[in-house]
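Okay, structure first, notes after.
Residue numbers (the working numbering), protein chains in the order written: chain A, 23 to 1110; chain B, 81 to 166.
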């Protein structure tokens, strides 16, 4: 049959199976194909809530107290309703903040308080030790039960051996080693422990199957089902049956203890260290919570459905409820089913093992992060930090299990299993108010949390833990019976005279009263501190959809720390590779400037990132302490900027002052065109609002230097600054021109001398800023602000404001320049227009004068026919022709063209006509006339710098002799009827007005009747067509030849029309004048 | 179509945070003194103790309700995805 060897081997095999499963799961995790990261394993792992207390203790309680064992499972089922909101929020926050445990969660929320973390750790340790002892006791006892069964044949030597007598010790060893191997592999606690979780899930399956196997066996094989058991029970043990199936108001269990247990269980499912570890920290995906919400209660239901049958079966079979705690084991054993009994034993073993492993790992993390690390930091031990921490963590696992073992050995037997469990639940419940406040009450602060938890803890200690020692015989019972100092008011189990509630309800009531009361009172009385407020918002708004971001950084590091220095710090705690990976991830999302440095405004966020990364290994309170220590070592600290904006503002809006300044500056820019005035008013505005010690506005000169355009100083005695400098004279101005960005320093003490600083006297000022005045193109100047005594004045917000003002100023400068240019252009245009008009007017007058000179109609004289035509061009040309008749037989014709186009020229023509008229009366030859004209007009012509071309013709109608003379004029065309050809008349003579002694030639020619003489000005022949061809004499001659028979006027008109056509629609460039003369039959000729 | 739409709107109702709070409080009430007292009688129904039936029956019902809720979370996110895509 089964022997002890089988048992031992079975146990060893089963233990090895744990290791195998854990190793396999760990390998799969590392290779990326995890078997643990799914919702089924997640749900199963949560059932670690069911320990040997569930396995054995439920039956025990069902058999002795009745139905109220089920509250321990109904509570969590109720709580599961809330998981989608509460648990998910906790998971979200924990992942975002690298939370390592429940103590870390609460400590982080409440101002990252080290004290709070330590307090919670202490409570957790004190609370959990009894619970661990409970598990060890269960394993020991059941091992003993099995071994003592007659069918196991155990040699006496073995029976007396140490190992045999102390199974609990071996169990503890196994647990510790397993926990260290799979729970404390590395320091980085944000790594999940997949091996551990796999083993726990496996155990959950085993314990469910084992229990259900026993349950089915008992219900359907030993009896005939549920109804059979209930019926027999009501028949054979009616009193007990009634008691066990109802709640009584008079003695335990009553409604009070029902409600108390329910409440305690509701809290414990989330607050026990192992639960937090498994549900929150080991969670790999928020979506898994969804399925766990119904799977977990379903598991609880399944494992509880057979509790009542087994309990009653045990009572029926053994006649009473003695030893009911272990009915699960004893019933199959007594029925002879050893294998089933072994299975039941392994089930209980699994239930116990899982709990202790998880609890020891979770608690050791808390001990390390909240008790040991602060101590290590205080002792300033910094060498081989990671190795030291890892060793400490592993030691803690041993410590926790060992303490549990000690408790078990010393106290265990004197208290029933189930009571020990409730003590732990009550301890865990003290964290409930602080947790709920952490998630949903912004005002809950560290003072409230500490007050509440401390108060609740003290009450719990006094009302539960102390009595447990008393009842075990460690302390005299006087305290219990008579109260502290003999005051019955202070009886631990009936505090302040509250009787009738029972120990648990009493404890719960008072501890919650002091806990919640203290939390509310101190949270309302006191305010958050800096980090408390920040953390409070981070936690309570973890689900809000808008990414909450501060518009402006409100803190600065008083002394800058480089990226390298931060990386070195991180390496100490998380290792070189991880540190480098983390910093790369950070830098990928943040900008670094051209020097590879992080900007001053980025430093605080970098510091927070480093702190959070380190917190993943050591918890947030320790990380905070580490960073603070480090910064104080390098002489830097986080301090607030000097708040130039005095009014309080919400972080999402610009301050009132900034808006006011913007408004006023817009008004200033638009109010006037005077640049100097604008600059002055702007500087005055800034000076008044922000009390800068010195404001200097410099503008660029065309030669590239900067001259001071305006200076506003609040300093007594003023400041001597050079009026004109070149950008190269100052390092910062040079940088500013290169980068087009503001150059500033919040603390000149931190600056190394970097070359010339003509515009930045570093010794005189503590902080300064140079803001480029630049629009889209080249910089126009620099706005410089100096502060003598205030460090840390130039926040990002202030610099942004100043930059935008400088931009507006640049725009104003540009606008003023443009306006001036436009004015100038307009004036020039006006002047030109006026000039043009004046010219046009003058020309108009000249034209009028000119037109008045011409004869109205050609004279009528027998023997000759005369026609004339004169068309003035737009621009006055100055043509003139006239006719003089003497003795009724001689006609003098003159045609002339003056060179100018103005009133002066026109007046000269008037004078010429007068002179000519005077000449006519003496019968001179044409040449004589021209000579006289030249002489008389010479001085006037030369003064006016004008010239006249003229052609003078004298025709005697009696003799038919034509005499002519030319003063540089176009040669007239003569058509001779005798050879039907045209010829030109030419005579020597220079144009009038050039020089005094000019010889004019007289020429004569005898005309025949029908001859046509055409006098014209150069406007006729010099008209050009579109090919720049001139009309020319040839064309004129051709027309004359063709039309020599036509009436004279029509010849002239035709010629004119031809010229116009020739010009192809373009305007005449010069006047056209034509005088035509045709010889008629002689006076004396008779028609023969 | 109609049963599907009914189911949809029912599940939609379930998604409301308020529904959850209501169920939770209802659960607490039904597990405590007033209701408990009603069922706290020495009565056997088909040989099952009354309280036993009340508690285990109610328990399974609540598990069913949670199950339906988790289904509705799923449809909720589906609807949201469909709305975003369209």
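Where is the CB? At the ideal position from N, CA and C, for every residue including glycine.
Going by DSSP, what residues sit across from residue i in a beta bridge?
i	result
residue 1004 (chain A)	A:997
residue 919 (chain A)	A:901, A:971
residue 128 (chain B)	B:125
residue 792 (chain A)	A:765, A:806
residue 579 (chain A)	A:660
residue 912 (chain A)	A:908, A:978
residue 248 (chain A)	Residue 248 (chain A) is not bridged to any residue.
residue 722 (chain A)	A:728
residue 1026 (chain A)	A:985
residue 752 (chain A)	A:779
residue 1010 (chain A)	For residue 1010 (chain A), which the question treats as bridged, DSSP gives no partner whatsoever.
residue 990 (chain A)	A:972
residue 890 (chain A)	A:1097
Of all the CB atoms in chain B, is at least one closer than 8 Å to the CB of residue i?
i	result
residue 633 (chain A)	no
residue 313 (chain A)	yes
residue 277 (chain A)	yes
residue 264 (chain A)	yes
residue 327 (chain A)	yes
residue 670 (chain A)	Per-residue confidence for residue 670 (chain A) stands at a pLDDT of 47, beneath the threshold of 50, marking its modelled position as unreliable; the derived number appears in the next sentence. Chain B contact via Cβ: absent.
residue 316 (chain A)	yes
residue 352 (chain A)	no
residue 76 (chain A)	no
residue 280 (chain A)	yes
Nearest to residue i by alpha carbon, out of the options?
i	options	result
residue 28 (chain A)	A:893, A:169, A:221, A:546	A:169
residue 610 (chain A)	A:415, A:686, A:628	A:628
residue 48 (chain A)	A:115, A:67, A:204, A:152	A:204
residue 549 (chain A)	A:1094, A:561, A:98, A:467	A:467
residue 152 (chain B)	A:500, A:1048, A:313	A:313
residue 985 (chain A)	A:946, A:1026, A:461	A:1026
residue 870 (chain A)	A:821, A:889, A:931, A:490	A:931
residue 875 (chain A)	A:916, A:995, A:493	A:916
Alpha carbon to alpha carbon, what distance is there between residue j and residue i?
i	j	result
residue 584 (chain A)	residue 789 (chain A)	21 Å
residue 1073 (chain A)	residue 1067 (chain A)	9 Å
residue 117 (chain A)	residue 303 (chain A)	8 Å
residue 551 (chain A)	residue 133 (chain A)	7 Å
residue 1036 (chain A)	residue 859 (chain A)	38 Å
residue 724 (chain A)	residue 800 (chain A)	12 Å
residue 818 (chain A)	residue 469 (chain A)	34 Å
residue 999 (chain A)	residue 981 (chain A)	17 Å
residue 197 (chain A)	residue 190 (chain A)	10 Å
residue 850 (chain A)	residue 1012 (chain A)	43 Å
residue 1024 (chain A)	residue 856 (chain A)	49 Å
residue 792 (chain A)	residue 131 (chain A)	41 Å
residue 265 (chain A)	residue 258 (chain A)	13 Å
residue 101 (chain B)	residue 521 (chain A)	33 Å
Please confirm whether residue i has its beta-carbon closer than 8 Å to some beta-carbon of chain A.
i	result
residue 152 (chain B)	no
residue 84 (chain B)	no
residue 137 (chain B)	no
residue 141 (chain B)	no
residue 127 (chain B)	yes
Are residue i and residue j closer than 8 Å when you measure CB to CB?
i	j	result
residue 333 (chain A)	residue 113 (chain A)	no
residue 50 (chain A)	residue 43 (chain A)	no
residue 642 (chain A)	residue 126 (chain A)	yes
residue 1 (chain A)	residue 279 (chain A)	Absent from the structure is residue 1 (chain A), since the part of chain A shown begins at 23 and ends at 1110.
residue 554 (chain A)	residue 474 (chain A)	no
residue 886 (chain A)	residue 1099 (chain A)	yes
residue 1075 (chain A)	residue 893 (chain A)	no
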